[in-house]
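Shown next, in structure tokens, is the structure this report addresses.
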Amino acid sequence: MIKVEDILEMWKKDSNIDPMLLTDATVENARQHAKYLEFLTTSKLLLKRAEMNQKVLLRDKWLYYTGVMEKPEMDERGWDYDPFKGARKPLKSDMGYFYESDPDLQKSEAKIQYIKTTIETLESIMQAITWRHQHIRNMIEFERMTNPS
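Here our numbering is used: the first residue of the sequence shown is 12, the next is one more, and so on.
Written out as structure tokens, the structure is:
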């Protein structure tokens with residue numbers, strides 16, 4: 012998975028338009044579109060996979076917290092046999108507190124939020140690339156107006 016920081020660093024370089032090479036910039040636009048579209052597509056697929064994995068994890072945590080999960084399965088995952096650390100089992104209405112504070116579920120949710128942020132960043136970049144030809148055209152028009160020859 013590509014990091015959002017790396018994407019932003021690439022975009023800092025790719026977003027520059029050299030006024031002396033405007034025709035090259037129009038050709039480069041297609042290459043950039045393909046590059047960032049690939050990142051966007053891959054990120055969307057990663058998000059789907061992470062969301063599906065989280066659903067499986069949530070099911071497993073439900074089995075764990077309700078006492079249905081067998082000890083070998085807990086051993087396999089490295090989970091403690093007593094999810095409530097000696098306290099009595101909470102009411103069904105209070106179980107949300109355990110799910111929300113569970114480190115595995117928090118890690119899964121953080122991964123999903125990171126991928127969503129990556130997707131939002133890439134969608135913003137794709138929007139800029141889509142309208143880039145307009146900026147290039149405006150630069151050409153400005154050049155014609157200021158240097159009529």
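All residues carry an ideal CB built from backbone N, CA and C; glycine is no exception.
Query: Check whether residue 136 and residue 54 have beta carbons under 7 Å apart; Result: no
Query: Sub-7 Å separation of residue 56 and residue 151 beta-carbons; Result: no
Query: Extent of the continuous alpha helix (DSSP H) to which residue 135 belongs; Result: 114-157
Query: Span separating the alpha-carbon of residue 141 from that of residue 111; Result: 40 Å
Query: When 82, 132, 76 are compared against residue 95, the one with the closest alpha-carbon; Result: 76
Query: Buried versus exposed, by CB contacts within 10 Å (16 or more), residue 153; Result: exposed
Query: Through-space distance from residue 89 to residue 115, alpha-carbon basis; Result: 11 Å
Query: Unbroken stretches of the beta strand (DSSP E), 3 residues or longer, contained in the stretch 64-111; Result: none
Query: Delimiting residues of the alpha helix (DSSP H) encompassing residue 18; Result: 15-25
Query: Touching by the beta-carbon criterion (3+ pairs, under 8 Å), the stretch 93-109 and the stretch 62-76; Result: yes
Query: Beta-carbon proximity check, residue 61 vs residue 24, cutoff 7 Å; Result: no
Query: CB of residue 161 within 7 Å of CB of residue 15, strictly; Result: The question about residue 161 has no answer here: the residues shown for the chain are numbered 12 through 160.
Query: Best match in 28, 39, 65 for proximity to residue 119 [C-alpha to C-alpha]; Result: 65
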